[in-house]
Amino acid sequence: MIKEGKAVLDVKTEKIVSKKMDVFYNPVMKFNRDISVLLLNCIDKRNLQIGLPLAGSGIRGVRFLLELRKGKIKSIRFNDYDKKAVNSIKKNLKLNKIKLNKKIIVENKDANLFLLESHGFDYIDIDPFGSPNPYLDSSVRRISREGILAVTATDTAALTGTYIKTCLRKYWAVPLKNELMHEIGLRILIRKIQLIGAQYEKALIPIFSYFKDHYFRVFFRCEKGRKKADSVLEQHGMFDNAGPLWLGGLWDKRLVNLMEKKNDIEENKKILRIIKEESRIDVVGFYDITKLAKKYKIKVLPKQDELIAKIKKKGFKASPTHFRENSVRSDVKEKEFVGLVKVMG
Ligand SMILES: C[S@@+](CC[C@H](N)C(=O)[O-])C[C@H]1O[C@@H](n2cnc3c(N)ncnc32)[C@H](O)[C@@H]1O
């Protein structure tokens, strides 16, 4: 028996988590699920019709049923093509004293069929093994106006520049292999999903995005209309030699503030605080202090927090970034940043 959030779960845990497991449960993804619960509790939408096409053990949906505020859920449909997973979802619902009814449904279909045969959802969570590509078209088609589409991608090697040709084939963009690779990879993933949205005149606006452990995660709000879709495409472009990628914001600032305030899970506080700070700075990329010091042959380095304070004193914005240790997101130009590193070191 495992406890996660308010849910109890009957799953076999294994030392090495892999898709060969009987029913897939990955404890490392607790943060991923914590954030989904927190985000849905912080948006001002109620009566959500929730679709979980790749539900696995059902833990995410069980947690939604136990942890989302009253009135948030209108209906919830779990789905997995694996019979064992479906049995596990049913068992775990029972274990948490949740009864199946017209609003809580478990299905056993291919994820695309499940999505396309539905009437649409206000929240869809794509949580696959590897790339979300096989499910993008159907989930984008079935996400409602103002709905939230959540996407996880664990194929980080392609998106972070280890396999350039794979990234070109799968994500239609050139990745980077340096200190910025995680932010660039996330932005490449976002653009790819937005392109699928644009085909259906849907503007997919990122409201909360991050990279952690071994995966990328992004939540989009779906807006409808040709002009809105066009304005998303206008924010695609190159960064250095990477891209095309999404050059717009990665977060809805108000939502991030609220999420940071409402979060009561101790171990998630730090990353939420950092994301809140960096969400206020509308720039692509950040400075890795150690990398820059090497480039400019600076021997003694200032402390990250002191450097941030100094940049702010000069009238610029500055914060740490969750993408990388000892790095600073800031709207100050590189030359001036390096100058400060030099005088403070
Ligand atoms: C990463 S796991 C999902 C984990 C789950 N969402 C959670 O939060 O614990 C992916 C799941 O997708 C299922 N799956 C893979 N391909 C599928 C497909 N084409 N249609 C439906 N389910 C599929 C697998 O059986 C597996 O349970």
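The numbering of the sequence shown is my numbering, which starts it at 31 and goes up by one. Note that CB positions come from ideal geometry on N, CA and C, so glycine has one too.
Give me the DSSP bridge partner(s) of Asn109.
Answer by DSSP bridge pairing, in chain order: Glu137.
Skipping 5 residues on each side, what residues in its chain have a beta carbon closer than 7 Å to that of Lys372?
Ile328
Ile80 CB to nearest heavy atom of ligand 1 below 7 Å:
no
Spatially closest choice to Leu234 from Glu264, Gly215, Asn208, by CA coordinates:
Nearest to Leu234 by alpha-carbon distance, out of Glu264, Gly215, Asn208, is Glu264.
6 Å CB neighbourhood of Gly35 in its chain, flanking five on each side removed:
Arg93, Glu97
Best match in Leu285, Lys347, Lys342, Met289 for proximity to Asp312 [C-alpha to C-alpha]
The shortest C-alpha separation from Asp312 is found at Lys347.
Out of curiosity, what's the CA-to-CA distance linking Glu295 and Leu225?
Looking at the sequence provided, one finds Ile at residue 295 rather than Glu. If you take the alpha carbons of Ile295 and Leu225, they lie about 35 Å apart.
Going by the C-beta, is Asp9 closer than 7 Å to any heavy atom of ligand 1?
Residue coverage of the chain in this structure runs from 31 to 375, which leaves residue 9 outside it and unanswerable.
Burial state of Tyr326, where buried means 16 or more other Cβ atoms lie within 10 Å
exposed
Close-in-space but distant-in-sequence residues of the same chain around Glu231 (CB under 7 Å, 5 per side omitted):
Lys254, Gly255, Arg256, Ala259, listed in sequence order.
Going by the C-beta, is Ile89 closer than 7 Å to any heavy atom of ligand 1?
The answer is yes for Ile89.
Anyone know if the C-beta pair for Gly177 and Cys72 falls short of 8 Å?
No, the Cβ-Cβ distance between Gly177 and Cys72 is not below 8 Å.
Can you give the Cα-Cα distance for Leu70 and Asp64, rounded to whole angstroms?
Going by the C-alpha atoms only, they are around 10 Å apart.
For Leu285, collect the residues of the same chain with a Cβ closer than 8 Å to its Cβ; drop the 5 residues on either side in sequence, then sort them by chain order.
Shown here for Leu285: same chain residues with a beta carbon closer than 8 Å to its own, the five before and five after excluded, namely Leu69, Cys72, Ile73, Ile237, Phe238 in chain order.
Would you check whether ligand 1 has a heavy atom nearer than 7 Å to the C-beta of Ala183?
no
Using only the alpha-carbon positions, how far apart do Phe108 and Leu39 sit?
16 Å
For Gly278, does the three-state DSSP call read helix, strand or coil?
coil
Distance, Cα to Cα, Tyr111 vs Asn138?
5 Å
From this set, Leu95, Lys114, Gly101, which residue's C-alpha is nearest Lys129's C-alpha?
Closest in alpha carbon position to Lys129, among Leu95, Lys114, Gly101, is Leu95.
Does the Cβ-Cβ distance between Pro162 and Thr186 come in under 8 Å?
no
Straight-line gap, Asn208 to Val58 (C-alpha atoms, nearest Å)
25 Å
Go through its chain and collect everything with a Cβ distance to Arg303's Cβ below 7 Å, but skip five positions before and after it.
Glu290
Would the segment 118-128 and the segment 150-168 be scored as touching if the rule is three or more Cβ pairs under 8 Å?
no
With respect to 7 Å, is the separation between the Cβ of Pro83 and the closest non-hydrogen atom of ligand 1 below this value?
yes
Under the assumption that Leu275 contacts Arg217 (Cβ atoms under 8 Å), give the Cβ distance between them as a whole number of angstroms.
4 Å
Exposure label - Gln229; buried when at least 16 CB within 10 Å
exposed
Among the candidates Glu213, Lys132, Val53, whose CA atom is the shortest distance from the CA of Ile106?
The candidate whose alpha carbon is nearest that of Ile106 is Lys132.
In this structure, how does DSSP classify Ala187 when only helix, strand and coil are distinguished?
helix
Can you tell me whether DSSP reads Arg99 as helix, strand or coil?
coil
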